[in-house]
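**Student:** If you use mature numbering (1 follows the signal peptide of the UniProt record, and there is no 0), the sequence shown corresponds to residues -21 to -1, 1 to 275, in order. C-beta: ideal position from N, C-alpha, C; glycine also. Being a predicted model, the structure only gives us computed values, none of them experimental. I have a structure I would like to understand better, so I am pasting it below and will then ask my questions one at a time.
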Amino acid sequence: MKRICLKISSIIFFVMTLLVAAKSFGQDKNPNLITTKEHTIKSSFNQKFYQLYVSLPKAYSAVDTIHYPVLYVLDGKFSFTSFYSIREVLNLGKEIKDVIIVAIENSVQTDADWFAERYYDFTPSSIPGSDIQWTKMMSIPDGKLRSGGADLFLTTLQKDILPFMDKHYKTNTDRALSGHSLGGLFAGYCLLKKPELFKRYGINSPSFWWNNNEILSLKDPLSKENSPVSANVFFSVGALEGEMMVGPLTAFIDSLKKHNSGITMTSQIFEGETHLSVVPACSSRTLKVLYGANVK
């Protein structure tokens, strides 16, 4: 029981840290340091508004014929600056290819709304008991928190967000999706449900414990009896995150290895890293593994 309490406490601490990061993002953004194009779009499917934070490669030009791959990152208000900074540093040594970064975030005003919206978007199933538990732990008003919106968000990605980017920017069909924690759960869910939507995935510290590890029992469209899918996938987790995080991820990777051969998989357990401290490390490795200079 003590270990379970410690795990729950760690998750709560992580969520509170994200709330602080999300709040400070809007206050401290310096356009002289980070060049960002921002867009607000409304989903045709869940009727929610989303912010897109777009960062273009330095070589991007409206007058040439070059089109670029796109990395979509979830929880944009805290992940955008990390991916942007790491991309710029790696570009100094030409260690990665040029890539457009698009950070996706809900258009909300309060911290409670921010958590509620990501919780809904990233969870594949509706679990009322979990909703009540997290409502109490996060001191969120009753009735505001609900799970199970992943399918609608996935459709929003496919039919609203991706077409918007393809229409307004010089993109190509080489797309990647990266998420951490609940965002990692959604990225893994997307890999199983719509594997053709992205060619590269960063699945970091995924919350595969959701609903008693239900993602491990989902039918795998990547299995051998289905059409082969080609994808480059990076998995990671911090060694100090505990069995609740490490175990389901290991089982997920083993299942993919057994049932399909079209995926290039790289996995890493970061020694000495927690659910929080692993974020910079997994962001850097995601860029290196998915867009390294020698990666096809």
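Could you give the distance in angstroms between the alpha-carbon of L133 and the alpha-carbon of C261?
**Tutor:** Position 154 of the sequence shown, counted from the start, is the residue given in the question as residue 133. Position 282 of the sequence shown, counted from the start, is the residue given in the question as residue 261. For L133 and C261, the distance between alpha carbons rounds to 23 Å.
**Student:** I'd like to know whether the C-beta atoms of T44 and L31 end up nearer to each other than 9 Å.
**Tutor:** Reading the sequence shown from its first residue, position 65 is the one you call residue 44. Reading the sequence shown from its first residue, position 52 is the one you call residue 31. Not a contact, by the Cβ cut-off of 9 Å.
**Student:** Could you compute how far the alpha carbon of E193 sits from the alpha carbon of L136?
**Tutor:** Position 214 of the sequence shown, counted from the start, is the residue given in the question as residue 193. Position 157 of the sequence shown, counted from the start, is the residue given in the question as residue 136. One C-alpha to the other measures close to 22 Å.
**Student:** Taking DSSP as the reference, what is the three-state secondary structure of Y148?
**Tutor:** Position 169 of the sequence shown, counted from the start, is the residue given in the question as residue 148. Reduced to three states, the DSSP call for Y148 is coil.
**Student:** Going along the chain, which residues of its own chain have a beta-carbon closer than 7 Å to the beta-carbon of G167, five neighbours each way excluded?
**Tutor:** For the purposes of this step, residue 167 is taken as the residue at position 188 of the sequence shown. If we look at G167 and ignore the five residues flanking it on each side, its Cβ neighbours are I182, P185, F187, I194, F231.
**Student:** Buried or exposed: S3, going by 16 or more other Cβ atoms within 10 Å of its Cβ?
**Tutor:** Taking the sequence shown and counting its residues from 1, the one referred to as residue 3 is at position 24. In this predicted model, S3 has a pLDDT of only 42, less than 50, meaning its place in the structure is not dependable; the value taken from the coordinates is given anyway. It is exposed - the Cβ of S3 has fewer than 16 other Cβ atoms within 10 Å.
**Student:** I'd like to know whether the C-beta atoms of S157 and S126 end up nearer to each other than 9 Å.
**Tutor:** Looking up residue 157 in the sequence shown gives position 178. Looking up residue 126 in the sequence shown gives position 147. For S157 and S126, no; Cβs fall outside 9 Å.
**Student:** Which stretch, first to last residue, makes up the beta strand (DSSP E) that contains E222?
**Tutor:** On the sequence shown, residue 222 is found 243 positions in, with the first residue counted as 1. Where E222 is concerned, there is no enclosing beta strand (DSSP E), although the alpha helix (DSSP H) it sits in stretches over 222 to 238.
**Student:** Tell me which residue opens and which closes the alpha helix (DSSP H) that T253 is part of.
**Tutor:** On the sequence shown, position 274 is the one that residue 253 refers to. It is not in any alpha helix (DSSP H) - T253 carries neither H nor E in the DSSP assignment.
**Student:** Taking one C-beta from the region 92 to 104 and one from the region 61 to 68 each time, how about it: are there three or more such pairs within less than 8 Å?
**Tutor:** no
**Student:** Starting from the Cα of S246, find the closest Cα among S215, E222, E84 and give me that residue.
**Tutor:** Mapped onto the sequence shown, residue 246 falls at position 267. For the residues S215, E222, E84, the minimum Cα distance to S246 belongs to S215.
**Student:** So the candidates are L164, W113, K16, L197; which of them puts its Cα closest to the Cα of W189?
**Tutor:** By one-based count along the sequence shown, residue 189 stands at place 210. The shortest C-alpha separation from W189 is found at L164.
**Student:** Measure the alpha-carbon distance for Y29 versus I83 and round it to whole angstroms.
**Tutor:** Residue mapping note: residue 29 aligns to position 50 of the sequence shown, counting from 1. Residue mapping note: residue 83 aligns to position 104 of the sequence shown, counting from 1. One Cα belongs to Y29, the other to I83, and the distance between them is close to 7 Å.
**Student:** Please report the distance separating the alpha-carbon of G128 from that of I75.
**Tutor:** Locating residue 128 in the sequence shown gives position 149, counting from the first residue. Locating residue 75 in the sequence shown gives position 96, counting from the first residue. Looking at the two C-alpha atoms, the distance is approximately 34 Å.
**Student:** Roughly how many angstroms lie between the CA atoms of T114 and P107, to the nearest whole one?
**Tutor:** Here residue 114 corresponds to residue number 135 of the sequence shown, with the count starting at 1. Here residue 107 corresponds to residue number 128 of the sequence shown, with the count starting at 1. Whole-angstrom Cα-Cα distance: 10 Å.
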